[in-house]
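Residue numbers (my numbering): 4 to 98.
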């Protein structure tokens with residue numbers, strides 16, 4: 004089971020993820036993305052999906068045309084974990 008981030012480890016992780024925002028009422032982070040068109044948004048989602056599957060850690064997300072919203076939280080940890088931080092950093096690297 005993955006451990007939930009707390010204390011300094013959590014604050015350090017959130018400081019490093021400047022584009023991600025905490026989700027009100029949840030131990031999760033969220034980021035919204037806007038692309039040129041649906042095809043670009045879909046391609047981005049495919050790249051994230053491949054990395055998420057490899058890590059066995061899947062995001063909550065939605066897509067409407069050129070907009071993608073991603074929420075990261077580790078359900079079996081009960082909140083934000085190192086898995087979420089790693090996936091967020093990978094996603095940031097795609098942008």
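Think of the CB as a built atom: it goes at the ideal place given N, C-alpha and C, for glycine as much as any other residue.
Since we're looking at a predicted model, the values are computed, not measured.
Strand pairing of residue i, partner residues [DSSP]
i	result
residue 75	32
Limits of the unbroken beta strand (DSSP E) element including residue i
i	result
residue 64	63 to 67
Where residue i falls: helix, strand or coil (DSSP)
i	result
residue 82	strand
Beta-carbon proximity check, residue i vs residue j, cutoff 8 Å
i	j	result
residue 71	residue 47	yes
residue 79	residue 5	yes
residue 16	residue 67	no
residue 45	residue 91	no
Minimum Cβ-Cβ distance from residue i to chain C less than 8 Å
i	result
residue 26	Here there is only one protein chain, and chain C is not present.
Checklist entry - What are the start and end residues of each continuous alpha helix (DSSP H) run of 4 or more residues lying completely inside the stretch 6 to 58, in chain order? => result 10 to 19 and 41 to 58
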